[in-house]
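Quick notes on the structure that follows.
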Amino acid sequence: MSYGTLSEYEYRFLLFREREAILNEINADSENSFTVGHNKFSTWTDFEYKKLLGYKNVNKSEADESKTVWLEETFADDVDWRAKGVVNPVKDQGQCGSCWAFGAVSTVESHHAMKTQTLLSLSEQQVVDCDTEMDGCNGGL
Numbered sequence: 176m177s178y179g180t181l182s183e184y185e186y187r188f189l190l191f192r193e194r195e196a197i198l199n200e201i202n203a204d205s206e207n208s209f210t211v212g213h214n215k216f217s218t219w220t221d222f223e224y225k226k227l228l229g230y231k232n233v234n235k236s237e238a239d240e241s242k243t244v245w246l247e248e249t250f251a252d253d254v255d256w257r258a259k260g261v262v263n264p265v266k267d268q269g270q271c272g273s274c275w276a277f278g279a280v281s282t283v284e285s286h287h288a289m290k291t292q293t294l295l296s297l298s299e300q301q302v303v304d305c306d307t308e309m310d311g312c313n314g315g316l
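Counted the way our numbering counts, the sequence shown spans residues 176 to 316.
Structure follows, in structure tokens:
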């Protein structure tokens, strides 16, 4: 990664060091069954990252709470879905704020794998291209 000026480099390095401290704290917690590490967002500001996600706040009074489904089942404390072969490797939405499509597609992929024992990799891009309600790469609900 390269930056336009020395001052920007120093600012981004400061952000990186702040993230490093947070990651080290999370990884030091012996109760966690996972570890975390740096990625391409480690030098981004919170504003830059939120802008990428394209999140739009919804007025809660507009939400249709009657559609909420409550599950009353008891679940295992932990499940490694990777070991069960029902999740794909992490995908990267890049500069497109289409997490809504990635979430929907990964759910369909996993459901299909649980039912058929065949894990497919479906296209988030096709969902984004065909949708007329979620604002494409500008976030969605």
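Note that the Cβ used here is the ideal one computed from N, Cα and C, for glycine as well.
Just so it is clear, the structure is predicted and the values come from calculations on it, not from any experiment.
- Using 10 angstroms around the beta-carbon of THR210, count the other beta-carbons present and answer buried if the total reaches 16, otherwise exposed. Here residue 210 is taken as the residue at index 35 of the sequence shown, counted from 1. Flag for THR210 reads exposed.
- Query: Does the distance from the CB of VAL280 to the CB of GLU299 come in under 8 Å?
  - Reply: Counting from 1 along the sequence shown, the entry for residue 280 is found at position 105. Counting from 1 along the sequence shown, the entry for residue 299 is found at position 124. Result yes, Cβ atoms of VAL280 and GLU299 sit closer than 8 Å.
- Would GLY260 pass as a contact of LEU294 if the rule is Cβ separation under 8 Å? Position 85 of the sequence shown, counting from 1, holds the residue named residue 260. Position 119 of the sequence shown, counting from 1, holds the residue named residue 294. Yes, these two residues count as a Cβ contact at 8 Å.
Point to revise | Helix, strand or coil at SER182 according to DSSP, with G and I counted as helix | key: The residue you call residue 182 lines up with position 7 of the sequence shown. DSSP places SER182 in helix when its eight states are reduced to three.
- Item | Selection from GLU193, ASN202, THR180 that minimises the alpha carbon distance to PHE216 | Residue mapping note: residue 216 aligns to position 41 of the sequence shown, counting from 1. Answer by Cα proximity: GLU193.
- Query: Cβ atoms of LEU228 and GLY314: under 8 Å apart, would you say?
  - Reply: By 1-based counting over the sequence shown, the position of residue 314 is 139. By 1-based counting over the sequence shown, the position of residue 228 is 53. Their beta carbons are under 8 Å apart, which means GLY314 touches LEU228 by this criterion.
Q) the ligand PLP heavy atoms versus the CB of THR210: any closer than 7 Å? A) What this structure holds is no ligand at all, so the ligand PLP is not there to describe.
To the nearest angstrom, how far is the alpha carbon of PHE191 from that of SER182? What you label residue 191 is simply residue 16 of the sequence shown in a count that begins at 1. What you label residue 182 is simply residue 7 of the sequence shown in a count that begins at 1. Those two C-alpha atoms are separated by around 14 Å.
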